Structures are given as C-alpha cells and as structure tokens.
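To keep things clear, I will list the structure first and then write my remarks on it.
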Amino acid sequence: MCVHPMVNPVCLVENVGSSFCVSDDAIRYLEQISQPVVVVSVVGLYRTGKSYLMNRLAGKQTGFALGCTIESETKGIWMWCVPHPNKPDHTLVLLDTEGLGDVKKGDSKNDTWIFCLAVLLSSTLVYNSRGTIDNIALEQLHFVTQLAEHIKVKSPTPAEGVENKEEEEEEEEEDSQFVKFFPNFIWAVRDFSLELTTREKGPIKEDEYLDNALQLKNGIDDKVLNYNLPRQCIRNYFPSRKCFVFPMPAAPESMSKLENLGEGDLHPGFLEVSQRFCDHVFTESRVKTLKGGHRVTGRMFSHLVRLYVETINSGKIPCLENAVVSLAQIENQAAVQEGLKVYQSRMAQVRSSFPVSADKIFDEHQKRSQMATTEFMKRSFQDQHGKYISLLTEAVDEHYSELLGENASSSEQRCRQLLSDRSRVLNEGRQRGKYTKLGGCAIYCSHRDSVISQYQSQPGKGVKAEETNAEANFILQADKSLKEKDKEFQRRYQKAALEEQQKKALEEKHKELQRAQQVEAKRHEERMQQMETKFEEEKRLQVEELERAMEKKLAEQKDLIKKNYHEKAELMRQEIKQLQDEIGKKSQSFFFLLFK
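If you read the sequence shown in full-length UniProt numbering, its first letter stands for residue 1, the second for the next number, and so on.
Written out as structure tokens, the structure reads:
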C-alpha cells in the first residue's frame, strides 16, 4: 500500500448537523496511496449488521463498531484501507456508512446524501437489509428513486427560456447514463429464515430471488407506478446485481456479543454465505474509475471525497463530469511538477560535472526530457489539447536554458583559468624584458604558441574553448611589451591564425544551433508519440466503459422481452443504439485533429 497498514477504521466523512465534514487525517492517509483503489461501500437501515460484513471483508473480527443496542453505532462514513487480498499492488477501501432511517436523526435529506455519497465513491455498493426482500424492503430503499435528482452525469448548461419539457428530457437522458458509471450492486439479506423456493420453479438461487422481487407490474395507475418505481430504478441504475441471503449467524441470545464469538460459535450456513460473499467482492469488484474509465488511486480518491462533500455542503448537485475536470486539473498540475522534478534531479548529475561539451549536455537533455515526459504521462489524464504537456515542456526548456548558461559560464571560467595558469611564462618574460630585446618577437611567438598549444591540449574545457582561445589571441596580439614594429609583424603573423580560430568559434556556435534544432525536433516527435499512446489508452478505457454498459443493457433488454415488457424493451433498444453509436465515434482516432 506504500504506507503503514491501517490498524483500525477512521472517520472519513463526519455528519455534523445538516452538513458533512471531511477528516483531514483520513485524507492525509489516502494521499499517500499511489496504488489503484477498489472501493466497497455498505449502506442500509440502522441496526441491520452492516459493520459486521465490512469487518469480514477486512479479514478482522473487530474494527468497525458493531454495537449491541437499538441505537445506530456508525456516524457519517468510516473508512478502512487494507491491502487487496486478490489484487497485488491494489488497496481495498472499505466504507461503512451511517445507518439510514434512524428516528433520532429525523433527517431524510441527510440519509439521501449519505446514500448518494456511497454510490458516487464506490466500485461496489452493498445494500444490507434484514428479513426478506418484499415490498416494504423495496420501499425502504426509496433513496434509489432520488438519485436522478441528486447526481448529474453532465455539467448543467442553464439557458434562458428552457422549457420544463426539455429539462425533463435532459433528466431522462441523464437517467439512462447512470449505468455506465454506477457501482456493482449487491443486496445482502440478513437473518433470512425462509426457503428459497417458488411454486413455479421449486428451488431457486439467490440471484433469482432478487430478480423475482424486482419484477415489474403492467399498468399505468398510480399504485402500479409507485410499485414499479424503486424496482425500475434498481434495474436501470444497477444492471450488474448480485444477491446473498444470510441465515442468522448465531442463536438470538448470542447476537449481542457477535464480535466476540469465534467461528466455531457461528452457524455453518452463515459462514458459508459469508465466504461466498467475500470471494465475490474480492473477485468481481473493479478498480474505482472516473467518467471516461480513468483508474482512481488513493491520492485521487482523497480529492474526489473532498470535491463531492464540498459540492453537497454548498447546496449544489454533484456532477460526474465536473469531478473529472477538477481531478484532471489537480492531477495534471501535479504531473507537470513530477515530470520537472525527474528532469531536474537527473540533470543535477550533469551539472555537477560542469563544464561539459555541447554534445554531452544536448544528449543528456534529450534523454532526461523523454524521462520527464514519461513520468508526466504516468499521472496525467484528459490533457486532450496538450495544455499541461506544453507547460512541462516550457518548464524543462527554461531549466535547460539556465543550465546552458551555467555550463557556458563554468566553461569560460575554466578556460580563463587554464590560460592564466599557462601564461606564467609570458608574464615572466615581460617582467624580465625578454620581449623588448633583439629577437624578442621570436621568443614571444614561441612562448605564446606554447601557451596556446598547452591550452588546446587540455581536456574538459567545455563549450567556450574556441571563443576564449580567440579572445586570448587577440589580447596576446596586442601585448604592450612588444615594440611597435614587432607588434606590426605579430599582427600579420597572427591574422591568419586569429581568423581561423574565430571561424572555428562561429562554426561551433552554428553546430550548437543545428544540434539544438535537431534535438527539439526529435523531442517533439517523441512527445507526440507518447501523447498519441496516452490518447489511445484513454480512448480504449472509454470504449471499455461503454461496452460494459451496453452488455448490461443487452442483458436487461433480453429479460424485459422475456417478461413481455415490450415497451420498456423498445426504450432499452434505443439506449443500446445510442451506446453503439457512441462506441463507433470513440473508436475513431481524433488525435491528430486535436494536435495538428
């Protein structure tokens, strides 16, 4: 998990009056998790044993508070992060929510937001109830009928003069989109004491039991519509459904001390169902994803929690599309900093060797730039117009320019020091007047040529070697210790050599410019290739998201046809057609249209 194991659950979202408060400690813990997270939430009426199920998933006997009275024990949303038992390098995040319908709380709106938060944050949503799945149980799950009013898929675009009818159509369209983004649904029926049989089929499986309970009635009167509403919502929003029926775990007199009972004290049937439940959750629960299929890490999950809670507290409706935009901005800004950090840390090794040749610093710049882009791509997403990769490129180039200046300065300093050290013989000659005597010019030229030769043979001078050499020759040529006629002779003698050195210095600058252009062209090509790979990966995730939704809707349509709900099956066919069209569009590559 990259962090110390969480020994006990911590409060993630505290219920404070009519608003929610996010725990800073819980957020700090999540921010340290760079692994993908699988998020499992349990919701249900208070005092139905939700916490016990979560402890089983955590592989612990105690952890989430169970309580043994008629009062709700869990307040707000509590979190327990544990290593995923089936997926290496993944973290299982368990969320135990405050019991719904607590008469002491008396705030159904608060309950609705707890339920919505569980839906928004989860990969798998477990609804926990007691007894049987009957009409009363479904009516108690009335929160599901309010999801369309409390969760939006797309960012609302209000305009003047919008008709109520258009708003209703938009809401219906949003309604059909939930299947793409909502979690898997598990109904856990506790203390089940009936036989799983029907008159028509005899023995049935748990999933059939749930399916039978969700069957719709024909008719259009209010009674039928009210009966169908929660069933229709569950079918539409959660087509991936699973049911587990748990017998009583122990004798009634032992229920108050459930967390202290060993497995030998529990009913074998209860243990068997518990194991199947855990195995299913571990195997079938997917990594939490955002709209568009991007996988969520613990760090991203922390931002998601804050974002949704702040939105609810402000009186606004949480929006999946807005969440993606906000998280993309946060993650892409961080990705720029991480990419730049990689570049700076690697180039620091080159800086410690200054001065270096132009080839050396160019080659290192090219390699480290690519590493920076690769690091950026690991964390970035939804950078469709290249805004953030451009920011990284600008930051890298700015740092590179600073390094070029430092390298040039270091080279010039070293070259001047070398010339100064090698020029001692000339200084001694001046002091002794050797160059003002007869034949002094020849002696001077010999000494000067020796200085230049030693300077040129010295390695590690860097990018200013020729430029400093040419400058030194100009200075030496104007040496005041020479007689005037010797100076004239020296000027003629030096002219060709000086011009040659200046030519070399200019050629070196031209080569540096060409090399820089070549490096930039190659960097751009590599960056475009990496961006195209990233774009195609994001597109693949989006297509997979749509294909999963279509697969679920096809199964639902088949069931509707089988049950002779032809009108609803036709509506489902239209939704499937929309998904097929969307998949077709997503399958086309628009990368080069975006980045031309």
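Virtual Cβ for every residue (Gly too), placed ideally from N, Cα, C. Model, not experiment: these values are computed from the prediction.
| Asked | Found |
| --- | --- |
| Using alpha carbons as the reference points, say which of Asp-25, His-4 and Ser-18 lies closest to Cys-11. | Asp-25 |
| Do the stretch 73-84 and the stretch 221-233 meet, that is, are 3 or more Cβ pairs less than 8 Å apart? | no |
| Jot down the residue ranges of each uninterrupted alpha helix (DSSP H) in the stretch 320-363, minimum 4 residues, whole runs only, in chain order. | 320-351 |
| Considering just the uninterrupted stretch of the beta strand (DSSP E) at Thr-124, what are its terminal residues? | 124-130 |
| Say whether the stretch 393-401 touches the stretch 448-462, bearing in mind that this needs 3 or more beta-carbon pairs closer than 8 Å, one atom from each stretch. | no |
| For Glu-321, collect the residues of the same chain with a Cβ closer than 7 Å to its Cβ; drop the 5 residues on either side in sequence, then sort them by chain order. | Val-153, Lys-154, Ser-155 and Lys-291 |
| Find out if the Cβ-Cβ distance for the pair Pro-9, Asp-89 is shorter than 9 Å. | no |
| Within this structure, are the beta carbons of Ser-369 and Arg-515 separated by less than 9 Å? | no |
| State the Cα-Cα distance for the pair Val-356 and His-365, rounded to the nearest angstrom. | 12 Å |
| Does the contact criterion of 3 or more C-beta pairs under 8 Å hold for the stretch 113-125 versus the stretch 37-51? | yes |
| Helix, strand or coil for Ala-159, going by three-state DSSP, please let me know. | Residue placement at Ala-159 is poorly supported in this model, since its pLDDT is 48, which falls under 50; the coordinates are not used for a value here. |
| I need the straight-line Cα distance from Asn-184 to Phe-362, nearest angstrom please. | 52 Å |
| By Cβ distance below 7 Å, which residues in the same chain neighbour Ala-555 in space, the five residues on each side in sequence not counted? | Pro-239 |
| In chain order, what residues of the same chain have a beta carbon less than 7 Å from the beta carbon of Asp-383, not counting five sequence neighbours either side? | Asn-332 and Ile-389 |
| Does the beta-carbon of Lys-534 have 16 or more other beta-carbons within 10 angstroms, so that it is buried, or is it exposed? | buried |
| From Val-309, Phe-246 and Gly-298, pick the residue whose C-alpha is nearest to that of Cys-278; which is it? | Phe-246 |
| What number of angstroms, rounded off, separates the C-alpha of Leu-117 from the C-alpha of Lys-367? | 45 Å |
| Which of helix, strand or coil does DSSP assign to Ile-204? | coil |
| What's the C-alpha gap between Leu-94 and Phe-270? | 21 Å |
| Alpha helix (DSSP H) containing residue 600: first to last residue? | The first residue shown for the chain is 1 and the last is 596, placing residue 600 beyond what the model contains. |
| Going by the CB atoms, is the gap between Ser-411 and Lys-464 shorter than 9 Å? | yes |
| Check for me: the alpha helix (DSSP H) holding Ala-251 runs from which residue to which? | Run containing Ala-251: none; DSSP gives neither H nor E here. |
| Determine the extent of the beta strand (DSSP E) in which Ala-188 is found, giving its start and end residues. | 184-190 |
| Hey, Asn-236 and Ser-302: beta-carbon distance below 9 Å or not? | no |
| For the ligand SAH, I want to know if Gly-460 counts as a neighbour, meaning its beta carbon is within less than 8 Å of at least one of the ligand's heavy atoms. | In the structure shown, the ligand SAH is absent, as is every other ligand, since no ligand is present at all. |
| Between Gln-542 and Gly-293, how many whole angstroms is the CB-CB distance? I'm expecting something under 8 Å. | 5 Å |
| Using DSSP with H/G/I as helix, E/B as strand and the rest coil, what is Val-305? | helix |
| Indicate whether the contact test is met: 3 or more Cβ pairs, each with one atom in the stretch 185-195 and one in the stretch 131-147, closer than 8 Å. | yes |
| Can you grab the Cα-Cα spacing for the pair Cys-445 / Gly-462, in whole Å? | 26 Å |
| I need the straight-line Cα distance from Val-324 to Gly-17, nearest angstrom please. | 29 Å |
| Do you know whose CA, among Ile-443, Asp-397 and Lys-437, lies nearest Val-425's CA? | Ile-443 |
| Hey, how far is the Cα of Glu-428 from the Cα of Met-371? | 53 Å |
| Apart from the five residues just before and just after Ala-569, which ones in its own chain have a Cβ nearer than 7 Å to its Cβ? | Gln-557, Leu-560 and Ile-561 |
| Please name the residue, chosen from Ser-457, Val-179 and Phe-178, that lies closest to Leu-418 on a Cα-to-Cα basis. | Ser-457 |
| Go ahead and label Asn-15 buried or exposed: buried means 16 or more other beta carbons lie within 10 angstroms of its beta carbon, across all protein chains shown. | buried |
| Once the 5 residues before and after Val-309 are set aside, which same chain residues still bring their CB inside 7 Å of it? | Val-13, Phe-20 and Val-22 |
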